[in-house]
Amino acid sequence: MRAAAPTDAHAWTALVLTAIAGAVDGAGFLSLSQQFVANQTGNAVLLAVAVSGELTGRSDGLSPVGPLWSLLGFSLGAVLASFATRRHILTSFGVPLLLVVEVVMLALAGLSQGFELAIALAAFAMGVQSIHAARIGLSGVSTTVLTGTLIALFVNLSGGRRALRSARLQAGVWAVYLVAAGLGSVLAHAVSFSAVCWTAAAVAAAMAVAAFAEAHRGPA
3 MRAAAPTDAH
13 AWTALVLTAI
23 AGAVDGAGFL
33 SLSQQFVANQ
43 TGNAVLLAVA
53 VSGELTGRSD
63 GLSPVGPLWS
73 LLGFSLGAVL
83 ASFATRRHIL
93 TSFGVPLLLV
103 VEVVMLALAG
113 LSQGFELAIA
123 LAAFAMGVQS
133 IHAARIGLSG
143 VSTTVLTGTL
153 IALFVNLSGG
163 RRALRSARLQ
173 AGVWAVYLVA
183 AGLGSVLAHA
193 VSFSAVCWTA
203 AAVAAAMAVA
213 AFAEAHRGPA
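Here you go:
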């Protein structure tokens, strides 16, 4: 069964969130000793290679410390965001509030002077973002796990009009991630990783304001 086509509002939300993830990932890979903070699939590979190198005495120059901090930060952010929204601990503004948490974590990551802490905070923000995307109904689209989005794209290419609409969004998500990762690496090299985090936080803050306004208006 294919996922329902996303609304226009959800489509632009997915693209902007993906841009944030791509920019932070590109900047983190360049500035934080080649660590991923959003793409945990790539991070898992780095962790496995680093651990195998430690166990076999192979000299790869890779450390498992960074990938572990990234995995722990992402997992903690995703778990807390999931439980908070699922159990209705938060108010009706709970899902938009996840964007506020993301803003705070990205800002703190930019302020952090410690390598491990910067990784963990940025990854925590990406974990929260992944749950936000799921909670607003972006079925078949992940803003941080691009492999699943690619699979959904190929499935939807063989479908009808609604499936093709979803496929266009999924292709757009991939393209946006690639461009944003490149731009994030450029900004990190020219300025700093902090500059990328703060720029991403500003974009997420603007999205949070729009989300709160939409929640306040309620259903049309």
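For the sequence shown, this note's numbering gives the first residue as 3, with consecutive numbering after it.
Ideal Cβ placement from N, Cα and C applies to all residues, glycine included.
For clarity, every value in this text was computed on a predicted model and none was experimentally measured.
query, result
"C-alpha distance - Thr151 paired with Ser168, whole-angstrom precision", "10 Å"
"Touching by the beta-carbon criterion (3+ pairs, under 8 Å), the stretch 99-116 and the stretch 41-50", "no"
"Among Thr43, Gly63, Gln42, the one whose alpha carbon lies nearest that of Ala52", "Gly63"
"Residue environment, Leu171, which counts as buried when at least 16 other CB atoms sit within 10 Å", "buried"
"Between the CA atoms of Ala173 and Arg88 - distance to the nearest angstrom", "29 Å"
"Residue environment, Ala206, which counts as buried when at least 16 other CB atoms sit within 10 Å", "buried"
"Distance, Phe38 Cα to Leu78 Cα", "16 Å"
"Length-filtered (3 minimum) beta strand (DSSP E) runs lying within the stretch 126-179", "none"
"The stretch 15-27 / the stretch 172-187 touching (three or more Cβ pairs under 8 Å)", "yes"
"Per-residue DSSP class, three states only, for Asn45", "helix"
"Whole-number beta carbon distance between Ile138 and His12, since they are thought to touch under 8 Å", "6 Å"
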